[in-house]
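Enquirer: Keeping their order, the protein sequence lines are chains A and B.
Residue numbers for the first sequence follow my numbering, beginning at 203 and rising by one.
Residue numbers for the second sequence follow my numbering, beginning at -19 and rising by one.
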Amino acid sequence: MMEMVRRIYSLTIPEEFLLKISENIYKFIEASKILEYDFVEDNVPEE
Amino acid sequence: MVDLAKTSIRGIHREVRSLRIKPTKIIEECLRRIHRLNDALRIFIHLSEEAIKHAEYLEKELEEGKCRSELHGLPIAVKDAFYTYDMPTTGGSIILKDYKPPKDAEVVRKLRDAGAIIIGKTNMHEFAFGVTNKNPHYGVTRNPWSIDRISGGSSGGSAVAVSVGVCIGGLGTDTAGSIRIPSALCGVVGYKPSNGLLSLDGVIPLSHSLDTVGPIVKTVDDVSITLNIMTGKVLTSQERVSEYEDRELRLGLPRKLIEEWVSDEVEEVFWRSIGKITSRSNCRIVDIEIEWFKTISDARYIIVLSESAAFHLKWLRNRWSEYDPDVRDRILGGLFITAPVYIQAQMIRKSLKRKFLKMMKNLDAVILPTVPIEAPRVEDEELIVKNKKIGVRRALLFLTECFNSLGTPAITIPCGLTKGNLPVGLQIATKPYEDTQLLEIAERFEGVLGRLPEPPIIR
């Protein structure tokens, strides 16, 4: 992921800096449980 | 001489139209007050060099019997996120400090066509990505009720400008509460319309699917006047027959959320206001539970990060060191959100909007405090609310952000002062595109709650 971000966006920001930011985002996504949202009421089939 | 802090658009319009008060005199008085207050409060980034010239022209039109609208000859302060042809548009950044837009933003053009005078561009949180208005480049916008406290943001400069009467109205943007938060903390009226109602053309984006623009003014009637002008439609008028005149209003109130998350100082003022409203106006409170409050907040954050990163990519490559580090780190975070996560967040938003509409079936509006805390001190980073530690940024937007995700209109009106003499805002929201109904309800409550006095700094 880090390599992809650096290459496709042509960033010059130091890698250790980006690592810290990416780690915070991953933690946020995990804590948010956004990927476990239940769309059953929207007529999306269950797992 | 008229004091704009004590009047409203309709109030002063009568005087201006009859030339009992001349636009040139109003602008001169506003500029005098700006020069007295701007160093302390950091309200403006740019002042118009043409304001007096515009006032002279509009005054001549009045002498010839031409009056364009209720805003003819009156000063408006515009957040520095809106394009203006005659002043730079910085977005509160150094990156755009010399940017001279080729035209006015669509809503600015409509205000000018209606005879408004754009007196200056107001200070803001850098690129509207924050709610404190602590701007490292242009200074901290301070609260006129207590200058050791923040104005709130990101449209803080416009809210302060209206509060201290250096304009009759201001323009702001609102992606998570950026109009309503500073309006509530500075004791003025702030309005976020339904998403899509007002044009975003010529406005520096933060998050294109959540951004809205709207007025910051003194009264709900002032919202109606500016909204009619900016939409080009008569959404509201004094002659309109009230939809609710003889009917009981049903107001949804998220009691549990308020009891858990709103500070004692704000809660006290809020419940007193609810008492006044229910005793003097035909309405009934219905307790509601919004169990998806955290989910919609998380989804919104993912969306804002992703969309802002896409817009800022061109500057993140080589000019990343010129940002406020706090703003830059959040924007950079958006680069690490993958497309499926972003799309999931947008789908959640749609799903929760359906749940909200279902909840609103038997309700006319939702009512709650605008901000759960008093204006924080400039140095505050974290606060204790109801024995829980909460970051200032998180606390400020806690009760406003969900209405951006839902796309509903929402308004804040002043509802009183805390024991510490700081303003508290009452927030009202309706279903999407019920802007007219919302203004009608807000006007009714404003009549019950009354207006705040002017802030101490100008008394």
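All C-beta atoms in this analysis are idealised placements derived from N, C-alpha and C, irrespective of residue type, glycine included.
(1) Between the region 282 to 289 of chain B and the region 76 to 85 of chain B, are three or more C-beta pairs nearer than 8 Å?
(2) When the cut-off is 8 Å and only beta carbons count, does leucine 237 of chain A lie next to chain B?
(3) With 8 Å as the C-beta to C-beta threshold (strictly closer), list the residues of the region 293 to 304 of chain B near chain A in chain order.
(4) When the Cα of leucine 377 of chain B is compared with those of B:Arg357, B:Cys395 and B:Pro352, which residue comes out closest?
(5) Using a beta-carbon distance cut-off of less than 8 Å, what residues from the region 212 to 227 of chain A approach chain B?
(6) Since phenylalanine 273 of chain B is in the alpha helix (DSSP H), which residue starts that stretch and which ends it?
(7) For a test of the three-state rule: what should DSSP assign to glutamate 106 of chain B, helix, strand or coil?
(8) Measuring only between beta-carbons, confirm whether phenylalanine 291 of chain B sits less than 8 Å from chain A.
(9) So the beta strand (DSSP E) threonine 392 of chain B belongs to, where does it begin and stop?
(10) Are the region 394 to 401 of chain B and the region 359 to 377 of chain B touching, with three or more C-beta to C-beta distances below 8 Å?
(11) Does any residue of chain A have a CB that is nearer than 8 Å to the CB of alanine 279 of chain B?
(12) Taking the alpha-carbon positions, what's the leucine 337 of chain B to lysine 274 of chain B distance?
(13) Taking the continuous alpha helix (DSSP H) assigned at lysine 338 of chain B, which residues delimit it?
(14) Based on the DSSP output, what are the partners of valine 169 of chain B in its beta bridges?
(15) With a 10 Å radius around its C-beta and 16 neighbouring C-beta atoms as the bar for buried, classify aspartate 442 of chain B as buried or exposed.
(16) Identify which residue in B:Val144, B:Tyr118, B:Gly110 and B:Thr153 has its Cα closest to the Cα of glycine 132 of chain B.
(17) For the candidate residues B:His26, B:Lys46, B:Arg299 and B:Ile75, whose alpha-carbon lies nearest to that of lysine 59 of chain B?
(18) Per the DSSP calculation, isoleucine 97 of chain B is bridged to which residue(s)?
(19) Ordered along the chain, which non-local residues of its own chain (more than five positions away) have a Cβ less than 6 Å from that of arginine 13 of chain B?
(20) Would you mind telling me which residues of chain A sit closer than 8 Å to alanine 325 of chain B, beta carbon to beta carbon, in chain order?
(21) Taking C-beta pairs closer than 7 Å, name the residues in chain A that valine 404 of chain B reaches, listed in chain order.
(22) Taking just the CA atoms, how far does serine 163 of chain B sit from lysine 101 of chain B?
(23) Would you call the region 408 to 416 of chain B and the region 173 to 189 of chain B in contact, with 3 or more CB pairs under 8 Å?
(24) Anything in chain A within Cβ reach of arginine 334 of chain B, meaning under 8 Å, just list it in chain order.
(25) Determine the closest residue to valine 200 of chain B out of B:Ile391, B:Gly405, B:Val(-18) and B:Cys395, with distance taken between C-alpha atoms.
(26) Just to confirm, are valine 144 of chain B and isoleucine 437 of chain B a CB contact at a threshold of 8 Å?
(27) Which value, in whole angstroms, describes the spacing of the CA atoms of glutamate 245 of chain B and glutamate 239 of chain B?
(28) Just to confirm my understanding: we take histidine 117 of chain B, look at its own chain, exclude 5 residues before and 5 after, and list those with CB closer than 6 Å. What are they?
(29) Helix, strand or coil for lysine 235 of chain A? Go by DSSP, reduced to three states.
(30) Can you list, in chain order, the residues of its chain whose CB lies under 6 Å from that of alanine 279 of chain B, leaving out five sequence neighbours each side?
(31) Starting from the Cα of leucine -1 of chain B, find the closest Cα among B:Glu41, B:Ala31 and B:Thr(-13) and give me that residue.
(32) Under a Cβ-count criterion, where at least 16 other Cβ atoms within 10 Å of its own Cβ denotes burial, should alanine 35 of chain B be classed as buried or exposed?
(33) With a threshold of 7 Å on Cβ separation, who are the neighbours of arginine 299 of chain B within its own chain once the five nearest residues in sequence on each side are excluded?
(34) Which runs of the alpha helix (DSSP H), 4 residues or longer, sit entirely within the region 226 to 274 of chain B?
(35) Would you list the residues sitting across from glutamate 362 of chain B in a DSSP beta bridge?
(36) Could you give the distance in angstroms between the alpha-carbon of cysteine 47 of chain B and the alpha-carbon of isoleucine 270 of chain B?
Expert: In short:
(1) The region 76 to 85 of chain B and the region 282 to 289 of chain B do not touch, with fewer than three beta-carbon pairs separated by less than 8 Å.
(2) Leucine 237 of chain A belongs to the set of residues whose beta carbon lies under 8 Å from a beta carbon in chain B.
(3) Leu293, Leu296, Arg297, Asn298 and Trp300
(4) B:Pro352
(5) Ser212, Leu213, Thr214, Ile215, Leu220, Ile223, Ser224, Asn226 and Ile227
(6) 273 to 298
(7) helix
(8) no
(9) 390 to 397
(10) no
(11) At least one chain A Cβ lies under 8 Å of alanine 279 of chain B.
(12) 18 Å
(13) Note, lysine 338 of chain B: alpha helix (DSSP H), 319 to 339.
(14) B:Val197
(15) Coverage of chain B is limited to positions -19 through 439, which leaves residue 442 of chain B absent and any answer about it impossible.
(16) B:Gly110
(17) When each option's Cα is compared against that of lysine 59 of chain B, the closest is B:His26.
(18) Answer by DSSP bridge pairing, in chain order: B:Pro55.
(19) Val146
(20) Taking a Cβ-Cβ threshold of 8 Å, the residues of chain A close to alanine 325 of chain B are Ile236, in chain order.
(21) Chain A residues near valine 404 of chain B: none, gap ~30 Å exceeds 7 Å.
(22) 17 Å
(23) yes
(24) Close to arginine 334 of chain B, with beta-carbon spacing below 8 Å, are these residues of chain A in chain order: Glu243 and Asp244.
(25) B:Ile391
(26) yes
(27) 12 Å
(28) Hits under 6 Å: Ile74.
(29) coil
(30) Ala325, Ile328 and Arg329
(31) B:Glu41
(32) buried
(33) Ile75
(34) 235 to 241 and 244 to 260
(35) B:Gly371
(36) 48 Å
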